[in-house]
Amino acid sequence: MFTEEAETISSPHSPEPTRTLIDDYLAEQQRLQTPVRRFSDAHDQQILSERNQQWRELIPLSEPGLGEQYAFEVDLDRCTGCKACVAGCHSLNGLEEEETWRDVGLVLGGTRSHPFQQTVTTACHHCADPACMNGCPVLAYEKDPRTGIVRHLDDQCIGCQYCVLKCPYDVPKYSERLGIVRKCDMCQSRLAVGEPPACAQACPTQAIRIVNVRVETPEGKLIERSNDFLESAPAADYTKPTTRFVTRRTWPDNVEAADANMLRRQPAHWPLVFMLTFAPMAVGCFVFIAALPIPGFSAAITGLTAALVGLTASIFHLGQPLRAWRVFLGLRRSWLSREAVIFAGWFGLAALFTLERILARASINAHLFPGAIWIKFAIETAHRHDSAFAATVAAIGAIGLFCSAMIYVDTNRPFWKATQTFPRFFGTGAVLACSAFFALSPNFHYALGLIAAVLIKLGVETRCFRVLDEENDEPSPERMTALVLSGPLRRLTATRYLTAVAVMMTTGAVLAMPVSPYARWLIFAVALFSEGLERSLFFRAVFAPKMPGVVST
Amino acid sequence: MKWLKRLLRVREGAMTSELVLRPGEFGLGKIPSRLKPVATTSSICGFCSTGCSLKIHLNEKGEAINLSADPNYPVNLGMACPKGWEALTPLHAADRATQPMLRNADGILEPVDWNTAMGAFVKNFQGIQARHGKAAISFLGTGQIVTEEMALLGALAKFGMGMLHIDSNTRQCMATSHVAYKQSFGFDAPPFTYQDFEESDALIFVGSNPCIAHPIMWQRVMMNRRNPEIIVVDPRRTETAMAATLHVPLRPKSDLVLLYGLAHLLIARSAINRAFIEKHCTGFDAFAEFVKKFPLERTVRETGLPASTIERVVEIIATRQRVSFWWTMGVNQGHESTRTAQALINLALMTGQIGRPGTGANSITGQCNAMGSRLFGNATSLLGGYDFANPDDRAHVAKILAIDESRIPSQGSWAYDQILDGIDRGDIRGLWVIATNTAHSWINQGRFADLRKKLDFLVVQDMYGSTETARMADLVLPAAGWGEKDGIMINSERRLGVVRKVSRAPGQALSDFAIFKLIAEAWGCGDMFRAWSSPAATFEILKKLSQGRPFDFSGIRDHAHIDERRGIQWPYTEADEARFRMKNDEGRMTNAGARSDVEAQREGSTSSDQSLGSGTISAEADQNRRLFSDGKFFTSDQRAKFYFDEPRSAPELADEKYPFVLLTGRGSSAQWHTGTRTNKSDVLRKLAPRSLYVEVNPADAEGLHFRSGQKVFVRSRRGQVTAAVTITTAVQPGQLFLPMHFDVVNTLTLPVFDPHSRQPSYKACAVSISAK
């Protein structure tokens, strides 16, 4: 396939100065032979037809039937951990340098007389009930009705990474360069022409192939999967993964992923930390305005400012914010979609309410400009129904915050279960609204509210550590979270507790002796910091489920 | 409405098209459309000695843009391990050495031009020679460069520069097999072909974990349709042991006792091939007498194995038709490794399990070009496997090279460890390290830093200026790597394959060949190497050197010929080539394809004999050839010889202070040796453990109150490392395992060497373990 160019490393026959020889060698080193197409088509055809022969064993003979879909089948007895599938997928799909769609992990267990280890190759499981798809706010995932392949629409993705949190198998991978996630599509375009996926092609021992599996009952209901997936992997009942792991070996009872005990910190997601500190505060402010009630506009402005900061921060979380206008598409299934739509509307409403409060005190000259009479009428009407207006704003805000919490509850991660997430999110609202209002006016009730809210929150947070007192030291998600909080994150955890206690004590002290309002704002600042820290721990300490990995990662 | 649908749900666009696949042509199937090649070429992988062919995808400038495993090569049949798939990535690493670096007066390495570098090289090394004698400079080379470069290096160093003691890192992997074969068979001649993995009824792997170390060979085991017994002799329950039909978890370093015990039991039940022994071997009776000292009770006692396991192995060897013995580093890196390898050879000889399909005593070891180094390294044996001590050999080689006979020393080189001892004593003052990383890889690593201080001048020639050894150098010479130069490499089954230049070396980096040529000129011995004008011209010299030798490949025309035939196994004489042509013509007429023959064999046909020596090499079988089918060996009497010695206990046993036996070895298929190249690939790094871990048995972990993931100290008499605990039944109680790829592991290992091969015993030393 190359021109038969003779080797031309120059060889001086008379002693030349070394200098010239160096130049010759440097030039020769940079010279590549230009490719010329010399392969005959027949030759290509022969290779392809030979390969087709081998490939036919790796893909099903027919398309999936009714209630069936394509799935990976991994013969564990043939998977011996060479990891060619990962590298082959990477090269044949042209992924980014550090991007991999497949992974090979290790499962350990057994006894002295029956030692056991098993390598496990794994990629997207193209679940029957895909959590990634169900959570996506912009419908950037679709499940092919014919093949069951869960496909990601790269140009639709807004880069919110909610699917990364939703998938229990750590499948979608976020690309900083593109600002979107990408994932395995079972090489659907290869399958379409009778070519196996890259991983299956690359496996030296033919451990990976595509099979048709039944995922629905004849009545069209999804078939439940519980114990037939893979020991040591996250349970199958949540998303109903379709991958079949087959083996003729008997597995011991005590298997565990090789990385099961590794303490893994998760990313803090700073824009989300800001958003989920300020947005609850904003909701808290408007709830107090409506419930106590609080007259005037300074409380409303405080709440609105917090809302502005929180919602602005959320935009920075997105890899592709300009595509985010489609966020309403997922309303039917995605809590993220619901949160975004509700908060966006709520912010407008809260702004109008605040405006109403500000303008209520001003007397508007109805003849100032044409139409002013209508504005005057609107403001007066609104003012007449101020308490109903306030209640509406509070209620919608609370619903928005409810959706925020549900985003995390819906990931099925134990640390983010409802009894943790709701008190934390609404608690932050109470703490920050109370401390802000306390700074605005040194009211005894705000101080008590603040202290009570912080205490309740600390109580809720401390419950996470109870698991460490248990006898059982299995690496459960709850236990791993507690170990991360008290291990690699212990400094941040301690700071969270110290600052929270400081907020309570100084609040009490300030009540006892009158001080300048600045001191009360300082308390607010510390409370804000402390709550932000708590929110960052909420993200960093969560146990992110995944398929078995290799040791010491 | 369609536009609305498109607006709401974007299915196409720039990001989607990044991943779109299109038919790649060139037999590639679908590939990413942005990486579509205009041509492809093939090149033999530059990591291990399996010798897989990689199909390199080229753009219009002839630059490699991607690669895939070559489907049309008899070694790897369209497969590659992750290192192969990622072979191009390390070429583009940021820390490539791009210009020569010379340590200045302030002790800092600063960039210089090649002229200055060559001047410094010559001035310092010739200065040392003037002060301390010619033999006061030395080099430590590699199994990772092409054969033409190895030959030029060996010839330049000894005949041109007057060095006496040179060695290479193949001492760490291949030396044992080399010596064992040389003594037993009369030449370093691994007899097998990879097809034997498929043809065997019983495969016995000793100290070998091909699932991780040689996945593409394991592929062939998995293709075996004969329902084979797979016996894995290894203290660890490795991936391969998991896949075996019988795991033999013997005590570390009790392998020689086990193998002698097996020999004894086989003889006792007359499960030997008396006819083969009498016709083709010498020394059997003494061996049979010797192994009487290894009754079952002793073997059980010393190996810690149940009698039933040992008896099962004997039963399998005695009853299966085709039995093959395979070994890797577990054997080669031991304190009595040569005799252990020969114990395996003895088993094959006495049962007549050699020279037939699916048999053999087979070493699956080595770097990509370990065999090139063994044949042409010019270290212990004279260029081309000749004998330095033999005047006829010296005259013969001198004549081929057209050099003065007196240039050829009459003694072989010191081994690696002896060269280091020579530095310690002050006998060697200048060292040149080529494409290896001694400061990381050599046993009892801590010592090298001290030795460095005793060197007047250290030159490191490498792709990277960042290796542990390069950072210590006085002069760093930037070398082009695999993929940036041409030449041939020889794999484990004696197959010559071609390596191609498909990428530009960065900056001023030059191929090792060009660097050696420059040095020859600067040294003043350029005239001696005029005929070595290019790798292709050098190959002609190598052919001449091979003529009449066991590895005679003078029937190969040139690099292109090797490529056309998809690699050529030695020996390959002109007679072989003539026979091939004749058969091929006949084959065309009868329309018999290579495919059908291979298929026939896979179905278990015993009719096809592709073996050498029988005089019937069929054209179809040309791609899979094995040695000794006529029972004629390379010794002077053409008989294979039984070698044996009384086993010695491991040199450092566990004791009260260091109660654990430390095993080391390959930890993952994504890492290669010291990670100089594999650490440069994000994908390979992702596939490998990120930090050092130590495998501990659950019983020991419980006794020591270790948690999984806990950081611990592992200490030996020589050093201490920190590692994270992995609790696994893969290691036995009282044993620990550390993967060798992490730089600190060899601070622990014990500098003990096999007396025959001088290969270091990396695999067992005494350590303690304690919480950090």
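Chains A and B, in that order, give the protein sequences.
Take the first sequence: its letter number 101 is residue 101 in the numbering used here, and every next letter is one higher.
Add 1000 to the 1-based position in the second sequence for the numbering used here, that's all there is to it.
Glycine included, C-beta positions come from ideal geometry on N, C-alpha and C.
In this text the structure is predicted, and so the values were computed from the model without any measurement.
Could you tell me whether the Cβ of residue i comes closer than 8 Å to any Cβ of chain B?
| i | result |
| --- | --- |
| F557 (chain A) | Since the displayed chain A opens at 1 and closes at 553, residue 557 (chain A) lies outside it and no answer follows. |
| G88 (chain A) | yes |
| C82 (chain A) | yes |
| G94 (chain A) | yes |
| G508 (chain A) | no |
| M547 (chain A) | no |
| E216 (chain A) | no |
| N472 (chain A) | no |
| N134 (chain A) | no |
| P197 (chain A) | no |
| T20 (chain A) | no |
| L139 (chain A) | yes |
By DSSP, does residue i sit in helix, in strand, or in coil?
| i | result |
| --- | --- |
| Y1194 (chain B) | coil |
| C1048 (chain B) | strand |
| Y1073 (chain B) | coil |
| E1652 (chain B) | coil |
| Y1693 (chain B) | strand |
| N1209 (chain B) | coil |
| G532 (chain A) | helix |
| P1698 (chain B) | helix |
| R1339 (chain B) | helix |
| Y1658 (chain B) | coil |
Short of 6 Å in beta carbon distance, which residues of its chain neighbour residue i, apart from the five on each side in sequence? Order them along the chain.
| i | result |
| --- | --- |
| Y162 (chain A) | G135, L336 |
| V1661 (chain B) | P1252, A1654, Q1735, A1764 |
| V393 (chain A) | F286, L349, A350, F353 |
| A544 (chain A) | Q266 |
| G110 (chain A) | F116, P252 |
Any beta carbon from chain A within less than 8 Å of residue i's own beta carbon?
| i | result |
| --- | --- |
| Q1099 (chain B) | no |
| M1079 (chain B) | yes |
| G1481 (chain B) | no |
| I1434 (chain B) | no |
| A1619 (chain B) | For A1619 (chain B), the pLDDT reaches just 41, beneath the cut-off of 50, and the residue's location in the model is therefore unreliable, although a value from the coordinates is still provided. By this cut-off, A1619 (chain B) is not an interface position. |
| N1115 (chain B) | yes |
In chain order, what residues of the same chain lie with their CB nearer than 8 Å to the CB of residue i, ignoring the 5 residues before and after it?
| i | result |
| --- | --- |
| R1500 (chain B) | T1041, S1042, S1043, I1056, G1483, D1486 |
Listing by chain order, which chain B residues have their CB less than 8 Å from the CB of residue i?
| i | result |
| --- | --- |
| A258 (chain A) | T1726, T1728 |
| S337 (chain A) | Near S337 (chain A) there are no residues of chain B at all, since even the closest Cβ is about 13 Å away, more than 8 Å. |
| L153 (chain A) | R1009, V1010, R1011, T1016 |
Can you list the residues of chain B that residue i reaches, using a CB-CB cut of under 9 Å?
| i | result |
| --- | --- |
| R112 (chain A) | N1697, P1698, A1699, T1729, Q1732, P1733 |
Note down, in chain order, every chain B residue with its Cβ under 7 Å from the Cβ of residue i.
| i | result |
| --- | --- |
| D237 (chain A) | Neighbours of D237 (chain A) on chain B: none; closest Cβ ~27 Å, over 7 Å. |
| Q156 (chain A) | R1009, V1010 |
Go through its chain and collect everything with a Cβ distance to residue i's Cβ below 7 Å, but skip five positions before and after it.
| i | result |
| --- | --- |
| S298 (chain A) | L440 |
| K143 (chain A) | P130, M133, V150 |
Give the interface partners of residue i over in chain A, defined as CB-CB distance under 7 Å, in chain order.
| i | result |
| --- | --- |
| S1761 (chain B) | Residues of chain A passing the Cβ test: none, with the nearest at roughly 25 Å. |
| P1252 (chain B) | Within 7 Å Cβ-Cβ: nothing; P1252 (chain B) doesn't reach chain A, min ~15 Å. |
Run through chain A and tell me which residues come within less than 8 Å of residue i, C-beta to C-beta.
| i | result |
| --- | --- |
| D1682 (chain B) | E97, E98 |
| A1514 (chain B) | I9, Y25, E28, Q29 |
| S1043 (chain B) | None at all; the shortest Cβ gap to chain A is about 12 Å. |
Can you name the residues of chain A whose CB is closer than 9 Å to the CB of residue i?
| i | result |
| --- | --- |
| L1687 (chain B) | K83, V86, A87, T100, D103, V104, V550 |
- prompt: Which runs of the alpha helix (DSSP H), 4 residues or longer, sit entirely within the segment 105 to 190 of chain A?
  reply: The qualifying runs are 131 to 135, 162 to 166.
message: For a minimum of 3 consecutive residues, which ranges assigned as the beta strand (DSSP E) are wholly contained in the segment 1727 to 1762 of chain B?
response: Segments of the beta strand (DSSP E) lying fully in the segment 1727 to 1762 of chain B: 1735 to 1739.
- prompt: Which runs of the alpha helix (DSSP H) fall wholly inside the segment 435 to 514 of chain A and span at least 4 residues, in chain order?
  reply: Counting only runs that start and end inside the segment 435 to 514 of chain A, the alpha helix (DSSP H) elements of at least 4 residues fall at 444 to 462, 477 to 486, 490 to 512.
- request: List in chain order: all unbroken alpha helix (DSSP H) runs of 4+ residues lying wholly within the segment 253 to 322 of chain A.
  value: The segment 253 to 322 of chain A contains these whole alpha helix (DSSP H) runs: 270 to 291, 298 to 317.
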